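Structure record follows, encoded as structure tokens.
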Ligand code: KMH
Ligand code: ZN
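Numbering (this note's numbering), first residue to last: 69 to 344.
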């Protein structure tokens, strides 16, 4: 079994300071949360950015500023900027995060339209083909985000047709979003059984499912994402930092005997180029 890659989704687009005062909005707050996660054992930071008032944005300049600031204090971390942004953003708006200098090593690619609470997260086939093309042209490795069972088939078909980067593919199964596939071990097993040999995968359990899904992935040889984007609580009612969420995953992994990957080890496992 490979070492465990932990991703910290430190910010997201939906959660607010009213829910947890540690949710980062400013560049300084984003750096603080990224550092807390990396210091605790995260190899990857999945990044959304906000304006200072908390409004989610996919502004290219804001991504540039936040990524440079994070890399100053965590020079080796793998950044996976979001191309999902927030519900309602246009594809062009969302793609700005793939336009920074240097280009990101990876970026998310959302694999289909789905319910998202009371809203609809729109990812039409033309949108996904445009995102796949962009990532192939720019050598950015996608993290394929599947919120629904059918999303896996969709992206496998796209990759087969050369519309999105193929092997080795990295999947993130985001389970438990209200209105989408529930976070159960049975659903996770079904998805994992459907990925091509040589692929890697991560699970994200939303809300109270964060740590049960993490434990399942640690036992199954997959990887784990936690963070404010998905879950604000360390345990029922206990609000903490992203670092403390990552530290809890590290504790579970230690108990189960699964060592934690550094960012360089994660690059090797994911098939990314070593960092110069
Ligand atoms: N904010 C969600 C609507 C991604 O980062 O690619 C979508 C999302 C997915 O967070
Ligand atoms: Zn995201």
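Even glycine gets a Cβ: it sits at the ideal position worked out from N, Cα and C.
These numbers come from a predicted model, not from an experiment.
Look at the Cβ atom of residue i, then the Cβ atom of residue j, and state whether they are nearer than 9 Å.
i	j	result
residue 152	residue 176	yes
residue 112	residue 331	yes
residue 226	residue 249	no
residue 253	residue 279	no
residue 198	residue 159	yes
residue 283	residue 324	yes
residue 156	residue 187	yes
residue 260	residue 237	no
residue 183	residue 246	yes
residue 257	residue 220	no
residue 341	residue 173	yes
residue 300	residue 312	no
residue 94	residue 120	yes
residue 232	residue 281	no
residue 130	residue 92	no
residue 335	residue 343	yes
Am I right that residue i and residue j are in contact with their C-beta atoms under 8 Å? What's the rounded C-beta distance?
i	j	result
residue 263	residue 72	Not confirmed; about 18 Å, so no contact.
residue 306	residue 110	The pair is not a contact, with the Cβ atoms about 20 Å apart (cut-off 8 Å).
residue 75	residue 114	5 Å
residue 154	residue 77	Contact doesn't hold; Cβ gap of about 14 Å is too wide.
residue 99	residue 138	6 Å
residue 208	residue 171	6 Å
residue 277	residue 235	At roughly 29 Å, the Cβ-Cβ gap does not stay under 8 Å, so residue 277 and residue 235 are not in contact.
residue 290	residue 270	6 Å
If I follow the unbroken beta strand (DSSP E) through residue i, where does it start and stop?
i	result
residue 131	From DSSP, residue 131 is part of no beta strand (DSSP E) but of the alpha helix (DSSP H) over 128-141.
residue 178	174-178
residue 258	Taken as a continuous stretch (DSSP letters only), residue 258 belongs to no beta strand (DSSP E), being part of the alpha helix (DSSP H) at 253-261.
residue 240	238-243
residue 74	74-77
residue 291	291-294
residue 149	146-149
residue 114	112-115
Over the uninterrupted alpha helix (DSSP H) stretch that includes residue i, give me the two end residues.
i	result
residue 331	331-338
residue 280	278-288
residue 98	95-108
residue 185	Counting along the chain, residue 185 falls outside any alpha helix (DSSP H), and DSSP gives it neither H nor E.
residue 156	That residue, residue 156, is in no alpha helix (DSSP H); it is neither H nor E in DSSP.
residue 270	Segment 268-273 is the beta strand (DSSP E) holding residue 270; no alpha helix (DSSP H) there.
residue 194	193-206
Under the DSSP definition of a beta bridge, which residues are partnered with residue i?
i	result
residue 307	301
residue 214	241
residue 125	117
residue 209	174
residue 328	72
key: Contact the segment 88-98 vs the segment 295-310: 3+ CB pairs below 8 Å   = yes
query = Are there three or more Cβ pairs, one per stretch, closer than 8 Å when the segment 94-106 is compared with the segment 138-155?
reply = yes
query = Is it true that the segment 210-225 meets the segment 240-249, where meeting means three or more beta-carbon pairs spaced less than 8 Å apart?
reply = yes
inquiry  = For the segment 155-171 against the segment 202-209, do three or more pairs of beta-carbon atoms, one drawn from each stretch, fall closer than 8 Å, so that the two count as touching?
reply    = yes
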